[in-house]
Structure formats: structure tokens, C-alpha cells
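In this note's numbering, the protein residues as written are 5 to 292.
See structure below.
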């Protein structure tokens, strides 16, 4: 569609040139049309809201310089489109991408100890059972010695909570690479403006951090907080339609083209004959 608009813009410029429309206002209008075309291209292809707004503002200044009341509808459309662009939530995609890249690079600096989970099982030291003959000191001494030996040989663990396996030290490299790939997928989703994949990738990375990393490690805590802050962002934006002003400008240029053509066709025959006779007389004078 934008290629078609570009071809039409070029055709209109050629028509104005061929028809002798060399007045300053004609060329100013053609310049405004070109700026509007660029604004639509930047917004549609690159989603560059700031550049589109700047170009529409420049186009409005050019049309204001023409000072033609017949162009008020174009300026009204431009004003509405500029306001609609200003109301879009401007998300710093470049800054967000660079922050993600910095997080990915920081994975190389993580210490190996951050990848190992602490054993959450508890050792329960049970109290020695009471003997039926508490007054028999000799029996208590024998039993205390036996209980001491049993505590050294037997380890009692609580199994009322699910037991999570420890991460082997040689597996930290693969975990780091998987986490890196997941965050790179987040970066690609950011470029593609895909909120679903963006948030899913970040949440998956956060779940791995919760499962395989020590939470009280400072580097892990900062990494997790940064990802949590980024996970709530909605990166796909609904962009406004800014093509109305461009369509109206094309209609004006087309109307000027038709008017120029009609003016050429409505030239009186007497004027044409007089021009022809003057050329004939000039030729005769040159021959003599």
C-alpha cells in the first residue's frame, strides 16, 4: 500500500511539473504530501511514533505557510492525527532491549555457588526416652552411651515436605545456557512486539531462577527483581490511523491537476490563431 502511495506522490509531482505548476504553493503542497507519506511509512513499518509525529508536525507547518483556507480540512486531519500519536503510551523499546542484553551478559558473572540449592531437610534430634527405672543410675548411664552411639550412626530426616534434588555442580553451565536462550527469546519477542511470548519467556526464566538458584544471593536477587519489573510490561501497542490527511492532500493535488488541464483546454481559438500568426510572421522576417 505504501509503495502505491509513493508512486502516486511521484506521479502527482510529475503532473504538476508537466502542467507548469511552478508556483511556490504548488511545491509546498507537494512537500507536505511527501512528509505525510514518510510519516505513514515510519509508523507502519517501523512503529516509530516519535518520527511520525515530527513529520506530521512539519507537514502542518508547511501547509500553514501556504495560507490557503481551502486546506483547512487537511490541517484539521493533521491536528487529530498528531494528538492521537501523542496519546499512545511511548515505551522505550530500545532501552528495554539494551536492559535485557545487559541481563543476558550478566549471567557470565554468576558464581557457581549461586546455582546450588541448600538442603532444606532438617535433622531432628529426638530426646532419649525415659527409662522405666529412673532411679537406677547405672542403667541410665548404659542407655545414654547406647543412645549417643545411635545418634552418630543414624540420621533422621523430616519427610513432611517434598524433597527437591540438588543441582549437580557440572550442570550449572547447561542451566546458564538455557536461561540465556530463554532471555534471548524474550528479546526477539520484544522486537516483534509480541506480548504473549514476551511475558511467557520471562515467567519461564523466573521459574527456573526460583527452582535452581539460591534466593538470598545478591546477584540472583537483583536479576530476579529486574525480570519481575519487566514482566508486567505490555509491549504490543495499538497504533492510530494517520492516513486521512495524506488522502485529503492527494485529492487536493489531483484537483489542482484537473484544474490546470481544464485551463489549457479552455484557451480561446483566437488566442491560438494569434500565437500561430505571430510565429509565421517571425519566420518570414527571418527568411528575408
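Where a beta carbon is used, it is the ideal one built from N, C-alpha and C, also for glycine.
Keep in mind it's a predicted model, so treat the numbers as computed, not measured.
Under 9 Å between the Cβ atoms of residue i and residue j?
i	j	result
residue 29	residue 70	yes
residue 199	residue 240	yes
residue 193	residue 205	yes
residue 227	residue 213	yes
residue 86	residue 32	no
residue 98	residue 197	no
residue 237	residue 95	yes
residue 191	residue 108	yes
residue 183	residue 111	yes
residue 64	residue 46	no
Measure how close the beta-carbons of residue i and residue j come, nearest whole angstrom, since I'm counting them as under 8 Å.
i	j	result
residue 82	residue 249	5 Å
residue 252	residue 232	Rounded, the Cβ-Cβ distance is 47 Å, inconsistent with contact.
residue 53	residue 89	6 Å
residue 180	residue 114	7 Å
residue 201	residue 34	That belief does not hold up - the Cβ atoms of residue 201 and residue 34 are roughly 43 Å apart, past 8 Å.
Apply the 10 Å Cβ neighbour rule to residue i and answer buried if 16 or more other Cβ atoms are within range, or exposed otherwise.
i	result
residue 49	exposed
residue 42	buried
residue 76	exposed
residue 60	buried
residue 38	buried
residue 260	buried
residue 106	exposed
residue 137	Legend: pLDDT at residue 137 = 49, less than 50; position of this residue unreliable, value from coordinates given subsequently. So residue 137 counts as exposed.
Judging by CA-CA distance, which residue of the options is the nearest neighbour of residue i?
i	options	result
residue 56	243, 262, 257, 259	243
residue 62	74, 179, 36	36
residue 207	221, 229, 195	229
residue 215	176, 185, 189	176
residue 255	58, 74, 106	74
- Where in the stretch 212-245 do unbroken runs of the beta strand (DSSP E), each at least 3 residues long, occur, reported from the N-terminal end onward? Counting only runs of 3 or more residues that sit fully inside the stretch 212-245, no beta strand (DSSP E) segment turns up.
Runs of 4 residues minimum, wholly inside the stretch 63-95: which ones carry the alpha helix (DSSP H) assignment? Segments of the alpha helix (DSSP H) lying fully in the stretch 63-95: 76-90.
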